[in-house]
Amino acid sequence: MRGSVAIAGAGLAGCGEAPGWSETEIAASAAKNALADAGLTTRDVDGLVIASTNIFMSGLALAEHLGIHPKFTESTMVGGSSFVGHLIPAALALNAGLCDVVLVAYGSNQRTGVGRAEAGKYKAALDPQPFEQPYKPFNPPTAYALAAARHMHQYGTKREQLAEIAVAARKWAQLNPEAFAREPLTVEDVLKSRMVCDPLTVRDCCLVTDGGGAYVLVRAERAKELPKRPAYLLGVGAAHWHRQISSMPDLTVTAATESGRRAYEMAGLGAQDVDVVELYDAFTINTLLFLEDLGFCGKGEGGAFVSGGRIAPGGALPVNTNGGGLSCVHPGMYGIFLLIEAVRQLRGEAGARQVKDAQVALAHGNGGVLSSQITAILGTQDTL
Amino acid sequence: MSPPSGPEQQFLDKLAAGRFEIQRCAGCGKHVFYPRVLCPHCGAERLEWMAPSGRGTVYSTTVVRRKPADGGDYNVCLVDLAEGVRMMSRVVSVPPESVKIGMSVMARIAEGLVEFLPA
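Protein sequences appear in the order of chains S and A.
Read in order, the letters of the first sequence correspond to residues -11 to 372 in our numbering.
Read in order, the letters of the second sequence correspond to residues -4 to 114 in our numbering.
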């Protein structure tokens, strides 16, 4: 699979607030932008991939909206990591010759449309979780707070160190004109913000925005003929060990240890080879756990690793260069935005936040409550 | 499909009758929670109900912050039972922020739920 397919186009739509736009319309708008970026149109698309928390049979809805009659449709839904995971079936379908151009898209209006609380009521009625719900976890924050508390207990990680992650994300967002939250933020601001679930304050939690994203995946030979520099898929791996937080074996170790290993093995690379890192930061603890589990530092060392601005602009390791889910955009499921930022960095299109000479990008998706972990490694032509 | 209901409903029925029971696999001997159709450790089908000791240790804990008008802050925690299974629950009778990781706790049934008191 290594190097056989590439992202040829990527686009955003409706990020921040998109009042009056349906989720399918936002996904379709992102698709239009991604296709234009790739120098293609809906007429070229014969493979369609989408996942949604709300849209029933979302693949049918988006195909109908765009007027596409796909030969290949895929809607694996494993939470926010889904769109990173979609690289796997999309690449398989392309390599098997089932289709030639796969469009992967996502759209959400969770900020201005049907609210999270209201949607949550419907979901609880349809999919009760009788071994957690009676205790009223305020999820997802409660689940991530339990992980953060355990990491602090086991490794002496400090709230200040988690706060550094939020501050680093904000500093990157300040370099990104498309980011939603760009006002200054200090470690003290994070610590003094409203506590949501101890030890996480509201600034340890991601944004709640609208937004959509899309990317176009084609075989490598096709990608070379298209206008933009291809971002080749070098490696990808997926793993999940639980759904509910109460079933997670060890709250300080995620299945990213396994997904990361698979992705590195396929790519023939390791953490030391990665130039730019995009991690699914629904909460500050995510970034810390994934830095450890993906081998950027040892287990338990994440707190010290992120200190002193190491992952902020100007630091040794550029992490979440668009501002992440904490400060750029987080419309319920963030996974597609990881790949879009990785593509922009590899093309050298990231403006003030561009990582110099970025050749290898790692995008790591998280779904559920530290549940689904999917790691993708993308690279430029020089890395093939 | 011989029992009249699935293991989830059996658990809830027992709880409603005042009994907190978990499963134990007759194949590998490991305890299982939440209740399953198959043993998640070895795949065996013979899961038998048993009454746990009720003793547990807090594995992790948080305080969910809520406005006083809505009932105020409350505890949500993960408890490791002596039998080796973990469950979500709450520790009551003490302020939510005084619940600590490593605390010994004892189960009770209240309002149809398994909750814990400091042991």
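Beta carbons: idealized from backbone N, C-alpha and C, even for Gly.
For clarity, every value in this text was computed on a predicted model and none was experimentally measured.
Query: PRO2 of chain A, enclosing alpha helix (DSSP H) - first and last residue; Result: 2 to 11
Query: Chain A contacts made by the segment 129 to 143 of chain S, where a contact means CB separation under 7 angstroms; Result: THR130, ALA133, LEU134, ALA137, ARG138, HIS141
Query: GLN121 of chain S, DSSP secondary structure in three states; Result: helix
Query: Min CB distance SER234 of chain S to chain A below 9 angstroms; Result: yes
Query: Distance, GLY68 of chain S Cα to GLU5 of chain S Cα; Result: 19 angstroms
Query: Residues that SER359 of chain S bridges to, as DSSP identifies them; Result: Bridge partners of SER359 of chain S: none, in fact.
Query: ARG183 of chain S: contacting residues in chain A (beta-carbon distance under 7 angstroms); Result: Correcting the residue identity first, residue 183 of chain S is Met in this sequence and not Arg. Per Cβ cutoff of 7 angstroms: ARG60.
Query: Chain S within 9 angstroms of ARG81 of chain A, Cβ atoms only; Result: yes
Query: Euclidean distance between Cα positions of LYS344 of chain S and GLN232 of chain S; Result: 40 angstroms
Query: Given PHE383 of chain S as reference, the closest of S:MET254, S:ARG298, S:THR242, S:ARG158 once Cα atoms are compared; Result: Because chain S spans -11 through 372 in this model, residue 383 of chain S falls outside it and cannot be assessed.
Query: For ILE43 of chain S, three-class secondary structure by DSSP; Result: coil
Query: DSSP three-state assignment for ASN83 of chain S, whether helix, strand or coil; Result: helix
Query: Backbone secondary structure at ASP238 of chain S - three-state DSSP; Result: coil
Query: Cross-chain neighbours of SER55 of chain A in chain S, by beta carbon under 8 angstroms; Result: LEU134, ALA135, ALA137, ARG138, HIS141, LEU239
Query: Heavy atom of the ligand NAP within 8 angstroms of ARG14 of chain A beta-carbon; Result: Absence of the ligand NAP is noted for the structure shown, with no ligands found whatsoever.
Query: Expected contact under 8 angstroms - CB spacing of ASP370 of chain S and LYS216 of chain S to nearest Å; Result: Not a contact, Cβ separation roughly 16 angstroms.
Query: Where TYR132 of chain S sits in the DSSP three-state scheme; Result: helix
Query: Sequence-distant residues of its chain with Cβ nearer than 6 angstroms to LEU214 of chain S (five each side left out); Result: ALA(-4), ALA26, GLY27
Query: Delimiting residues of the alpha helix (DSSP H) encompassing GLU253 of chain S; Result: 244 to 255
Query: Neighbour flag for SER84 of chain A against chain S, beta carbons, 9 angstroms; Result: yes
Query: Boundaries (first-last residue) of the beta strand (DSSP E) holding ILE273 of chain S; Result: No beta strand (DSSP E) holds ILE273 of chain S; the alpha helix (DSSP H) holding it covers 272 to 281.
Query: Best match in S:GLY55, S:GLY223, S:PHE44, S:SER(-8) for proximity to ALA16 of chain S [C-alpha to C-alpha]; Result: S:GLY55
Query: Test: GLU120 of chain S CB closer than 9 angstroms to a CB of chain A; Result: yes
Query: Short CB-CB distance (under 9 angstroms) between VAL32 of chain A and chain S; Result: no
Query: Alpha-carbon to alpha-carbon, LEU50 of chain S and SER10 of chain S; Result: 11 angstroms
Query: ILE38 of chain S to GLY38 of chain A span [Cα, whole Å]; Result: 33 angstroms
Query: Distance between VAL53 of chain A and ASP34 of chain S (C-alpha atoms, nearest Å); Result: 52 angstroms
Query: Within 9 angstroms, strictly: CB atoms of ALA167 of chain S and THR363 of chain S; Result: no
Query: Nearest candidate by alpha-carbon position, reference ALA105 of chain A, set A:ARG31, A:ARG14, A:CYS72, A:GLU3; Result: A:ARG14
Query: Whole-angstrom distance between ALA114 of chain A and ASN42 of chain S, CA atom to CA atom; Result: 44 angstroms
Query: Given ASP75 of chain A as reference, the closest of A:ARG60, A:VAL58, A:ALA64, A:SER48 once Cα atoms are compared; Result: A:SER48
Query: Neighbourhood of GLY339 of chain S by C-beta distance below 8 angstroms, restricted to the same chain and skipping five residues each side; Result: LEU163, ASN164, PRO165
Query: Boundaries (first-last residue) of the beta strand (DSSP E) holding ILE(-5) of chain S; Result: -7 to 4
Query: Straight-line gap, LEU350 of chain S to ARG298 of chain S (C-alpha atoms, nearest Å); Result: 17 angstroms
Query: Contacting positions in the segment 13 to 37 of chain A - beta carbon closer than 7 angstroms to chain S; Result: TYR29
Query: Helix, strand or coil at GLN18 of chain A according to DSSP, with G and I counted as helix; Result: strand
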